[in-house]
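Trainee: Numbering follows this note's numbering, with no gaps: position 1 of the sequence shown is 1040. Idealized CB from N, CA, C, for every residue including glycine. Next up is a structure, given as structure tokens.
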Amino acid sequence: MRKPEATKVATYRLLIEYDGTRYSGWQEQRNARTVAGALLHALGEAGFPVAELGGAGRTDAGVHALGQCAHLRLEQRVDPDELCRALNRRLPRDVHVLAAVPAPASFHARHDAVARSYLYQISRRRTAHAKPWVWWVREPLDVDRLRAGAALLAGRHDFRNFAEPPTTRASVGQVEPGRDSTLVEVESVEVVEDGALVVVRMVASHFLWKMVRRLIGTLTQLGAAQLELDQLERLLEGAPLAPGDPRPAQWTAPPSGLFLERVLYAGDPPLAPVRAITRVLAAPTLGEGAAGAPDRAARRGRRPARPVPRTRRRPPPRRGRARPG
């Protein structure tokens, strides 16, 4: 898309939330439904002349966002509130613009970001209502082991074993010239229990393609006692994998539980405490009504009383009519 001179355009910072279930990611693609494509379509219908639209992160297919940030350059100035209203009237139900504010002409949603935070929701039970936004892990998870693994992830590591190879990344436009390093500084990883969910937050300046989902999958292997801490430490050293080594690519968590929580810029307020986005309570137990009475008697060590059989009274013999003599 053509970039006009900065002096001739008005720049806006957009804050967007979306359910990524129906979309092939953020980035506009041919013959695929994307979030950026839905926004550009709405902008065209509203009559706003778009010079450029760029997001802070290319979320994968099926990944959601609570606070995706984008820069929007228009060839004319508009009222930001009217811009929000016009877009939300035309956007599909699973994409919503939370805010639009004027920004400096040089603002770039991706280059100016100082950190990104992702949330991942792991469900410890099967749920009928939250399936599009969680990953149900069938194996019992030791949350203390998850936290021990999360503590190892913080810091500067070579995450090449948790990302796609450079040739694969380049083929889909996930590599920038001069920025092909697999070294990433992870600021923090938190693990919080909320009802039947285990919520993991990861914060870093940037993430490699599929890195978050493979780290989540690896943590679940650790929590299920299928992987040990020393094995995770070796994976974080970035050494090439040898035959028989554990392979994080095989444990890639599904996109359903992943949310781009926030994109942080200089001067932004800090992140709020971690909490679940979708409520999944612990499975309720059946109440004890009349049918539960025998069970209570059994728990008290007594045999339940047998019901007294009801006896049926025989009807009196039917007398016939007297015959005429």
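What are the start and end residues of each continuous alpha helix (DSSP H) run of 4 or more residues lying completely inside the region 1144-1218, in chain order?
Mentor: Complete alpha helix (DSSP H) runs here, min 4: 1182-1192 and 1205-1210.
Trainee: Secondary structure at Ser1244, three-state DSSP: helix, strand or coil?
Mentor: Numbered from its first residue, the sequence shown carries residue 1244 at position 205. Correct three-state label for Ser1244: coil.
Trainee: To which residues of the same chain is Asp1058 closer than 6 Å at the C-beta, ignoring the five residues directly before and after it?
Mentor: Stepping through the sequence shown from its first residue, residue 1058 is reached at position 19. Taken in chain order, the residues that qualify are His1103 and Asp1133.
Trainee: Can you give the beta carbon distance from Phe1246 to Arg1155, rounded, assuming they're within the 8 Å contact cut?
Mentor: Locating residue 1246 in the sequence shown gives position 207, counting from the first residue. Locating residue 1155 in the sequence shown gives position 116, counting from the first residue. A Cβ-Cβ distance of about 7 Å is found for the pair Phe1246 and Arg1155, placing them in contact under the 8 Å criterion.
Trainee: Between which residues of its own chain and Pro1131 is the CB-CB distance below 7 Å, once the five residues before and five after are set aside?
Mentor: Here residue 1131 refers to the residue found at position 92 when the sequence shown is read from its first residue. Same-chain partners within the cutoff: Ala1077.
Trainee: Here's a check: name, in chain order, each residue in its chain whose Cβ is nearer than 8 Å to the Cβ of Asn1127, leaving out the five neighbours to either side.
Mentor: For the purposes of this step, residue 1127 is taken as residue 88 along the sequence shown, with counting starting at 1. Taking Asn1127 as the centre and dropping the five residues before and after it, the same chain places the C-beta of His1135 and Val1136 closer than 8 Å to its C-beta, in chain order.
Trainee: What's the C-alpha gap between Val1242 and Leu1053?
Mentor: Start at 1 with the first residue of the sequence shown, and residue 1242 comes out as number 203. Start at 1 with the first residue of the sequence shown, and residue 1053 comes out as number 14. For Val1242 and Leu1053, the distance between alpha carbons rounds to 21 Å.
Trainee: Considering Cα atoms alone, identify which of Asp1233, Gly1086 and Ser1295 is closest to Arg1163.
Mentor: Within the sequence shown, residue 1163 is the residue found at index 124, counting from 1. Measuring from the Cα of Arg1163, the nearest candidate turns out to be Asp1233.
Trainee: Whole angstroms are fine: how far does the CA of Pro1308 sit from the CA of Glu1267?
Mentor: As a first step, residue 1267 must be located in the sequence shown, where it is residue number 228. As a first step, residue 1308 must be located in the sequence shown, where it is residue number 269. So the alpha carbons of these two residues sit roughly 37 Å apart.
Trainee: Since Ala1263 contacts Leu1180 with CB under 8 Å, what's their CB separation in whole angstroms?
Mentor: Residue numbering aside, residue 1263 sits at position 224 when the sequence shown is read from its first letter. Residue numbering aside, residue 1180 sits at position 141 when the sequence shown is read from its first letter. About 6 Å; that satisfies the 8 Å criterion.
Trainee: Between Ala1090 and Ala1193, what straight-line distance do the alpha-carbon atoms span, to the nearest angstrom?
Mentor: Here residue 1090 refers to the residue found at position 51 of the sequence shown. Here residue 1193 refers to the residue found at position 154 of the sequence shown. Rounded to the nearest angstrom, the two C-alpha atoms are 39 Å apart.
Trainee: Is Leu1122 helix, strand or coil when you go by DSSP?
Mentor: Along the sequence shown, read from residue 1 onward, the residue named residue 1122 stands at position 83. The DSSP-derived three-state label of Leu1122 is helix.
Trainee: Going by DSSP, what residues sit across from Thr1050 in a beta bridge?
Mentor: Here residue 1050 corresponds to residue number 11 of the sequence shown, with the count starting at 1. For Thr1050, DSSP records a beta bridge to Arg1112.
Trainee: Take every Cβ of the region 1165-1178, pair it with every Cβ of the region 1080-1090, and state whether three or more of those distances are shorter than 8 Å.
Mentor: no
Trainee: Please name the residue, chosen from Arg1301, Ile1161, Ala1142 and Ser1227, that lies closest to Thr1317 on a Cα-to-Cα basis.
Mentor: Taking the sequence shown and counting its residues from 1, the one referred to as residue 1317 is at position 278. Of the candidates Arg1301, Ile1161, Ala1142 and Ser1227, the one whose C-alpha sits nearest the C-alpha of Thr1317 is Ile1161.
Trainee: Taking the beta carbon of Glu1276 as the centre, do at least 16 other beta carbons fall within 10 Å, making it buried, or is it exposed?
Mentor: Locating residue 1276 in the sequence shown gives position 237, where the first residue counts as 1. When all chains shown are included, Glu1276 counts as exposed.
Trainee: Comparing C-alpha positions only, which one of Leu1079, His1147 and Ala1152 sits nearest to Ser1244?
Mentor: One-based indexing of the sequence shown puts residue 1244 at position 205. Comparing Cα-Cα distances from Ser1244 to each of Leu1079, His1147 and Ala1152, the minimum goes to Ala1152.
Trainee: Do Leu1191 and Leu1280 count as a contact pair if the criterion is CB distance below 9 Å?
Mentor: Within the sequence shown, the letter at position 241 stands for residue 1280. Within the sequence shown, the letter at position 152 stands for residue 1191. No, the Cβ-Cβ distance between Leu1280 and Leu1191 is not below 9 Å.
Trainee: Would you please state the rounded distance, in angstroms, between the beta carbons of Val1237 and Val1182? I believe it to be under 8 Å.
Mentor: In the sequence shown, counting from the first residue as 1, residue 1237 sits at position 198. In the sequence shown, counting from the first residue as 1, residue 1182 sits at position 143. That belief holds up - the Cβ atoms of Val1237 and Val1182 are roughly 6 Å apart, short of 8 Å.
Trainee: Got a sec? Which residues, its chain only, sit under 6 Å from Leu1122 by beta carbon, not counting five neighbours each side?
Mentor: Residue mapping note: residue 1122 aligns to position 83 of the sequence shown, counting from 1. Within the same chain, Leu1122 has close Cβ partners Ala1139.
Trainee: Buried or exposed: Pro1216, going by 16 or more other Cβ atoms within 10 Å of its Cβ?
Mentor: Along the sequence shown, one-based indexing puts residue 1216 at 177. Any reading at Pro1216 is ruled out, since the residue's pLDDT is 48, under 50, leaving its predicted position unreliable.
Trainee: Between the alpha carbons of Phe1201 and Phe1146, how many angstroms are there, rounded?
Mentor: For the purposes of this step, residue 1201 is taken as the residue at position 162 of the sequence shown. For the purposes of this step, residue 1146 is taken as the residue at position 107 of the sequence shown. About 31 Å.
Trainee: Taking Ser1227 as the reference, which of Arg1314, Ser1063, Arg1195 and Tyr1304 has the closest Cα?
Mentor: Here residue 1227 refers to the residue found at position 188 when the sequence shown is read from its first residue. Measuring from the Cα of Ser1227, the nearest candidate turns out to be Arg1195.
Trainee: Based on DSSP bridge pairs, tell me the residues matched to Val1089.
Mentor: For this step, residue 1089 is matched to residue 50 along the sequence shown. DSSP lists Leu1113 as partners of Val1089.
Trainee: Going by DSSP in three states, Leu1320 sits in which element: helix, strand or coil?
Mentor: Here residue 1320 corresponds to residue number 281 of the sequence shown, with the count starting at 1. Three-state DSSP puts Leu1320 in coil, outside helix and strand.
Trainee: Is Glu1067 closer than 9 Å to Leu1082 when the C-beta atoms are compared?
Mentor: Residue 1082 sits at position 43 when you count from the first residue of the sequence shown. Residue 1067 sits at position 28 when you count from the first residue of the sequence shown. Going by C-beta atoms, Leu1082 is not nearer than 9 Å to Glu1067.
Trainee: Looking at the structure shown, is Glu1084 part of a helix, part of a strand, or coil, going by DSSP?
Mentor: As a working note, residue 1084 is residue 45 in the sequence shown. Secondary structure of Glu1084 (DSSP, three-state): helix.
Trainee: Taking C-beta to C-beta, are Leu1113 and Ala1189 nearer than 9 Å?
Mentor: Along the sequence shown, read from residue 1 onward, the residue named residue 1113 stands at position 74. Along the sequence shown, read from residue 1 onward, the residue named residue 1189 stands at position 150. No, they are not a contact pair.
Trainee: Would you kindly work out how many angstroms separate the C-alpha atoms of Ile1055 and Arg1061, rounded to a whole number?
Mentor: The residue labelled residue 1055 in the question sits at position 16 within the sequence shown. The residue labelled residue 1061 in the question sits at position 22 within the sequence shown. So the alpha carbons of these two residues sit roughly 16 Å apart.
Trainee: Which class does Asp1269 belong to by DSSP, given the choice of helix, strand or coil?
Mentor: The sequence position of residue 1269 within the sequence shown is 230, counting from 1. Looking at Asp1269 - three-state DSSP - the assignment turns out to be helix.
Trainee: Which two residues bound the contiguous alpha helix (DSSP H) that contains Arg1253?
Mentor: Working through the sequence shown from its first residue, we reach residue 1253 at position 214. First-last of the alpha helix (DSSP H) with Arg1253: Met1250 to Gly1262.
Trainee: Using a 10 Å radius around the Cβ and a threshold of 16 neighbouring Cβ atoms, would you call Leu1320 buried or exposed?
Mentor: Reading the sequence shown from its first residue, position 281 is the one you call residue 1320. Exposure of Leu1320 is indicated by the presence of fewer than 16 other C-beta atoms within 10 angstroms of its C-beta.
Trainee: Among Ser1295, Ala1095, Met1250 and Gly1326, whose alpha-carbon lies nearest the alpha-carbon of Val1225?
Mentor: Start at 1 with the first residue of the sequence shown, and residue 1225 comes out as number 186. Closest by alpha carbon: Met1250.
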